[in-house]
Amino acid sequence: MHAHPEVVTTHEVHHDEHHAHHKETFITKYVFSQDHKTIGKQFLITGIIWAIVGGLFSVLFRLQLGFPGTKFPILESFFGHYAAGGEIQPEFYYALITMHGTVLVFFVLTAGLSGTFANILIPLQIGARDMASPFLNMLSYWFFFIASIVMISSLFVSTGPASGGWTMYPPLSALHDAAQGSKAGADLWLISMALFIVSSLLGGLNYITTILNMRTRGMSMTRLPLPIWAMFFTAVLGVLSFPVLLSGAILLLFDRNLGTSFYLSDIVVNGNILPNEGGSAILFQHLFWFLGHPEVYIILLPAMGMVSEILSVNARKPIFGYMAMVGSLFAIAILAFLVWAHHMFVTGLNPFLGSIFVLLTLLIAVPSAIKVFNWITTLWRGNIRFTPAMLFAIGFVSLFISGGLTGIFLGNSTIDIHLHDTMFVVAHFHIVMGVASFFGMFAGVYHWFPKMFGRYLNRTMGYIHFWVTMIGAYMIFWPMHYQGLAGMPRRYLDKSIWTNFNVFQDLDKMITVVSIIVFAVQLLFVFNFFYSIFKGRKVTTPNPWGANTLEWTTPINPGHGNWEGEIPEVHRWAYDYGKDGRDYISQTEKPGANESSH
Amino acid sequence: MQIFFIVAILVLGFLIVFQIAKASEYVSVLRGEEKSRQQNNKVNAFLLLLFLIFGLIGVYYCNERLEGKILQFGSAASDHGLLIDRMMKITLIITGIVFFITQIILFWFSFKYQESEKRKAYYYPHNNKLEVIWTVIPAIALTALVGFGIIYWFRITGEAPENARVVEVTGSQFKWEFRYPGKDKKLGKKYYRLISADNPLGQVWDDELNHDDVYGTGELHLVVNQPVKLVINSKDVIHDVGLAHFRMKMDAVPGTPTTMWFTPTKTSKQMAKELGRPDFTYEISCDQMCGSGHTRMRGTIIVETQEEFDLWMASQKPSYVKLMEDKQKNEVKTDSVVAKPIAQTEVKK
Numbered sequence: 070m071h072a073h074p075e076v077v078t079t080h081e082v083h084h085d086e087h088h089a090h091h092k093e094t095f096i097t098k099y100v101f102s103q104d105h106k107t108i109g110k111q112f113l114i115t116g117i118i119w120a121i122v123g124g125l126f127s128v129l130f131r132l133q134l135g136f137p138g139t140k141f142p143i144l145e146s147f148f149g150h151y152a153a154g155g156e157i158q159p160e161f162y163y164a165l166i167t168m169h170g171t172v173l174v175f176f177v178l179t180a181g182l183s184g185t186f187a188n189i190l191i192p193l194q195i196g197a198r199d200m201a202s203p204f205l206n207m208l209s210y211w212f213f214f215i216a217s218i219v220m221i222s223s224l225f226v227s228t229g230p231a232s233g234g235w236t237m238y239p240p241l242s243a244l245h246d247a248a249q250g251s252k253a254g255a256d257l258w259l260i261s262m263a264l265f266i267v268s269s270l271l272g273g274l275n276y277i278t279t280i281l282n283m284r285t286r287g288m289s290m291t292r293l294p295l296p297i298w299a300m301f302f303t304a305v306l307g308v309l310s311f312p313v314l315l316s317g318a319i320l321l322l323f324d325r326n327l328g329t330s331f332y333l334s335d336i337v338v339n340g341n342i343l344p345n346e347g348g349s350a351i352l353f354q355h356l357f358w359f360l361g362h363p364e365v366y367i368i369l370l371p372a373m374g375m376v377s378e379i380l381s382v383n384a385r386k387p388i389f390g391y392m393a394m395v396g397s398l399f400a401i402a403i404l405a406f407l408v409w410a411h412h413m414f415v416t417g418l419n420p421f422l423g424s425i426f427v428l429l430t431l432l433i434a435v436p437s438a439i440k441v442f443n444w445i446t447t448l449w450r451g452n453i454r455f456t457p458a459m460l461f462a463i464g465f466v467s468l469f470i471s472g473g474l475t476g477i478f479l480g481n482s483t484i485d486i487h488l489h490d491t492m493f494v495v496a497h498f499h500i501v502m503g504v505a506s507f508f509g510m511f512a513g514v515y516h517w518f519p520k521m522f523g524r525y526l527n528r529t530m531g532y533i534h535f536w537v538t539m540i541g542a543y544m545i546f547w548p549m550h551y552q553g554l555a556g557m558p559r560r561y562l563d564k565s566i567w568t569n570f571n572v573f574q575d576l577d578k579m580i581t582v583v584s585i586i587v588f589a590v591q592l593l594f595v596f597n598f599f600y601s602i603f604k605g606r607k608v609t610t611p612n613p614w615g616a617n618t619l620e621w622t623t624p625i626n627p628g629h630g631n632w633e634g635e636i637p638e639v640h641r642w643a644y645d646y647g648k649d650g651r652d653y654i655s656q657t658e659k660p661g662a663n664e665s666s667h
Numbered sequence: 069m070q071i072f073f074i075v076a077i078l079v080l081g082f083l084i085v086f087q088i089a090k091a092s093e094y095v096s097v098l099r100g101e102e103k104s105r106q107q108n109n110k111v112n113a114f115l116l117l118l119f120l121i122f123g124l125i126g127v128y129y130c131n132e133r134l135e136g137k138i139l140q141f142g143s144a145a146s147d148h149g150l151l152i153d154r155m156m157k158i159t160l161i162i163t164g165i166v167f168f169i170t171q172i173i174l175f176w177f178s179f180k181y182q183e184s185e186k187r188k189a190y191y192y193p194h195n196n197k198l199e200v201i202w203t204v205i206p207a208i209a210l211t212a213l214v215g216f217g218i219i220y221w222f223r224i225t226g227e228a229p230e231n232a233r234v235v236e237v238t239g240s241q242f243k244w245e246f247r248y249p250g251k252d253k254k255l256g257k258k259y260y261r262l263i264s265a266d267n268p269l270g271q272v273w274d275d276e277l278n279h280d281d282v283y284g285t286g287e288l289h290l291v292v293n294q295p296v297k298l299v300i301n302s303k304d305v306i307h308d309v310g311l312a313h314f315r316m317k318m319d320a321v322p323g324t325p326t327t328m329w330f331t332p333t334k335t336s337k338q339m340a341k342e343l344g345r346p347d348f349t350y351e352i353s354c355d356q357m358c359g360s361g362h363t364r365m366r367g368t369i370i371v372e373t374q375e376e377f378d379l380w381m382a383s384q385k386p387s388y389v390k391l392m393e394d395k396q397k398n399e400v401k402t403d404s405v406v407a408k409p410i411a412q413t414e415v416k417k
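Here the protein sequences line up with chains W and G, keeping their order. In short: position in the first sequence from 1, add 69, done, that's the working numbering. In short: position in the second sequence from 1, add 68, done, that's the working numbering.
Have a look at this one:
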């Protein structure tokens, strides 16, 4: 299966013309750039800024959880009446957790992760000069940027940002009187999310089109590096599921502002009897989780793809079971659409429907298990180099195992009755979706930083970053499972009145201290990142990791168009490491006469 | 001042780390990049092994410290809770085995196959037999889990037995209200537009079934060893009736009543004795975030014997009776204020 030769040629012609006719100014090169690499960097840097904000929010609410009743006067000087007397007020607490979730799930681990690596890796690894539509690609970033501005602005309205949880369940999020954050904050949240969805759709359509149509000669689908397969399924998931959230958000805007009753029925709030009848609050949950569950895989799949690549490169061995890896990605992507109601086992869902969702949910464990065993087998009898990227990739596998296994508890509706909405859930999804995906993202940054900026990240800081984060992540989230097993609900800001949950105060203190340390080390990474862009050790060879994929055949600092001469032709898959006694064989090398076939 | 010190220490720490990082970069230039890389490799491989060992110790230590604070498997105070405990135990055993095997292999391989000049990586792209094995084995294990899970799920969510006592639970920001049927064992109709200060649940007084219904707030009374069916409502946003000791949970959704049933098997007193905590009470937690008072939305449950319950019930006055008494009192004095809602009801019907 070859890429269409006409498409490639016309694109090349276009590219040459482009360079012949106009010179790039600062604005077109760095701000409204249409170069996929620059757009990728824009996503990454915006994502990093958001990650600092979202992380800081978590430190603030951890302060409340670890030290309830303790006064931190400095908080009052920053946040005014939200932290009156130096204590985080309940409304502010709920705003913080809402923004923490929204920012990290959508702005960091969706836009920051997919946006960055799909943009940087897809054209470079499939052998294309740019995305199918560089202009739409640019729009994708700027819609994300506007969504960010709207979300940030909601932090400054007098009633505060949305505070209904990142899932924004109505009626809490629909009724202005139900919470402070359900006033202007919720509208801004919904508008920001709508803009964000536009951004992610523009990006996703572009990624799919590019992967399907613009592969270089010889790059058949079965020769694609695994990150590309992962980005492909991620984009398909996003394109098919984000519109459903958009419709859900718009209906919620109607309910909030136009007096409709999609989600509202039989409500008396604040002593006011509302006229709405016949709506269903559960409808929103269906619409939300129809995106919300695929969203988990939108976050996780790119990390899986990059981890597969990095494990293989640094073990100096082919990824084990390439076709099984692709197949399991496919299976996960399909199943991702069929499990959303496992978030709703205790909403009064029909028990029969619940049982179907149990079956489909636990089915996901099979492709996940295949992936884990294949990753481990990739390490077996390798010759492993522990770059910071490799350590994060190994950390990813460890976290994915830990968090994946607790998913087997929650996916089983019988157990979910007890554990639903407890700290067990918090521990589960932070490990498997939050921290694991962050590890995938860090691995990607450490690995591809030389390609992005022509310099290395400082290795020593990288090692410190990894070890503190790895140990910290387990220290923070492992004991949280026990709080959940005690039945302690999530989103409680003070446990002192609960005779059955207040035994965990010491534990919460420990978790808070560790999370502050882990946050400080993330700042070290951010420092390393910006410092190394300008002052890092320079890359002197085009292929520093000895990798097979096409991005390492470009110049050290590739310009717009990526390759100076013709786009290289591909003759083999991406994972010929250690074959016939050779350390690595680039994808561009023709098969030798005596080469063994695998 | 304290803050200033913390910030100063952080900045200092940053500077030190940064200097070390810079220095190590220079050292690697002096000693040769390859050599320093190899040394780093050895150190990190060893750290991965240490992480495995101390990680396993940590898992054990964490369990020792916290095990006593969680709800013990098999200690559930309801029949359904015991099923859930059993299911958790089965799942814990299976996932526990997988957890230890895979984590140990992962870190052990990382350590064992660290870069060495003596070894060449083994070209091993696939092995269909192995892949089939680790597709089929998880599939079998999961089939077992799904099988048990669904059997228990249907038992727990199936129809409540005929003799189940119905109690209505209503959540609102930020309290729990309860309604018990009287001798007729049936709850009367209600309509949310009738909710007012002296009719907090919006009961329709025309419905005679309502006349003996007893209203309570904050504290729920249940009879031990008698199945109870909770009919769950909400007045404003979504709440959730979380009963950790019974291992039960169900959302309270405005406009859509939900139900759950179970049989409490231990009275409050028995439970206090068993746990060695004289102050023990069953708690109702709101498990679905419902606004700024979510954390405070606490209710309690008293599980007692039939006699104790009957005694308590006899001391309660149905809301309707109370209302009528108030009305009579008021009618004697002046024209009724309280009677208005009743008049409205009649118009509505």
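We put the beta carbon where it would ideally sit given N, CA and C, even for glycine.
Taking residue i as the query, report the chain W residues whose CB atoms sit under 8 Å from its CB, ordered along the chain.
i: Phe222/G; result: Pro420 and Ser424
On the three-state DSSP scale, how would you describe residue i?
i: Pro192/W; result: helix
i: His71/W; result: Any reading at His71/W must be qualified, since the residue scores a pLDDT of 46, below 50, and its modelled position is unreliable; the value itself is stated next. Three-state result, His71/W: coil.
i: Gln384/G; result: coil
i: Tyr332/W; result: coil
i: Gly476/W; result: helix
i: Pro137/W; result: coil
i: Gly732/W; result: Because chain W spans 70 through 667 in this model, residue 732/W falls outside it and cannot be assessed.
i: Ile138/G; result: coil
i: Leu525/W; result: In the sequence on display, residue 525/W carries Tyr and not Leu. Correct three-state label for Tyr525/W: coil.
i: His90/W; result: Confidence at His90/W is low in this model, with a pLDDT of 46, below 50, so the placement of that residue should be treated as unreliable; the coordinate-derived value is given next. His90/W falls in the helix class under three-state DSSP.
i: Ile342/W; result: strand
What are the boundary residues of the beta strand (DSSP E) that includes residue i?
i: Arg366/G; result: Arg366 to Glu372
i: Leu290/G; result: Glu287 to Val291
i: Ile352/G; result: Tyr350 to Cys354
i: Ser302/G; result: Val296 to Ser302
i: Met418/G; result: As shown, chain G starts at 69 and ends at 417. That puts residue 418/G outside it, with no answer to give.
Would you mind reading off the limits of the alpha helix (DSSP H) that contains residue i?
i: Gly650/W; result: Looking at the DSSP string, Gly650/W is not in any alpha helix (DSSP H), and its letter there is neither H nor E.
i: Asp199/W; result: Run containing Asp199/W: none; DSSP gives neither H nor E here.
i: Arg606/W; result: Neither: Arg606/W is in no alpha helix (DSSP H) and is coded neither H nor E.
i: Ile636/W; result: Premise fails: Ile636/W is in no alpha helix (DSSP H) and is neither H nor E.
i: Leu269/G; result: Note, Leu269/G: premise wrong, no alpha helix (DSSP H); not H, not E.
i: Leu98/G; result: Gln70 to Arg99
i: Gly235/W; result: Before going further, note that residue 235/W is Trp rather than Gly in the sequence given. Premise fails: Trp235/W is in no alpha helix (DSSP H) and is neither H nor E.
Just to make sure I have the definition right: I need the residues of chain G whose C-beta is within less than 8 Å of the C-beta of residue i. Which are they?
i: Ser467/W; result: Gln171, Leu174 and Phe175
i: Asp577/W; result: Within chain G, no residue comes near Asp577/W; the closest Cβ sits about 12 Å away, beyond 8 Å.
i: Val305/W; result: Result: empty, since nearest Cβ-Cβ is about 23 Å, beyond 8 Å.
What are the partner residues of residue i, as DSSP defines its beta bridges?
i: Leu31/G; result: With chain G represented from 69 up to 417, any question about residue 31/G goes unanswered, as that position is not in the structure.
i: Arg325/W; result: Arg325/W is not bridged to any residue.
i: Ser146/G; result: Pro332/G
Going along chain G, which residues have a C-beta under 7 Å from residue i?
i: Glu160/W; result: Ser360
i: Val338/W; result: Asp304
Could you work out which residues of chain W lie near residue i, taking near to mean beta carbons separated by less than 9 Å?
i: Leu78/G; result: Ala589 and Leu592
Determine the chain G residues that contact residue i at a beta-carbon separation under 9 Å, and present them in chain order.
i: Val495/W; result: Result: empty, since nearest Cβ-Cβ is about 12 Å, beyond 9 Å.
Since residue i meets chain W, which of its residues come closer than 7 Å, beta carbon to beta carbon?
i: Pro206/G; result: Ala434, Val435 and Ala438
i: Tyr94/G; result: Within chain W, no residue comes near Tyr94/G; the closest Cβ sits about 10 Å away, beyond 7 Å.
| query | At which residue ranges does the stretch 159–247 of chain G contain complete beta strand (DSSP E) runs of 3 or more residues, listed in the order of the chain? | reply | 233–240
| said: Which complete alpha helix (DSSP H) runs does the stretch 546–633 of chain W hold, if anything under 4 residues is left out? | reply: 549–554 and 574–604
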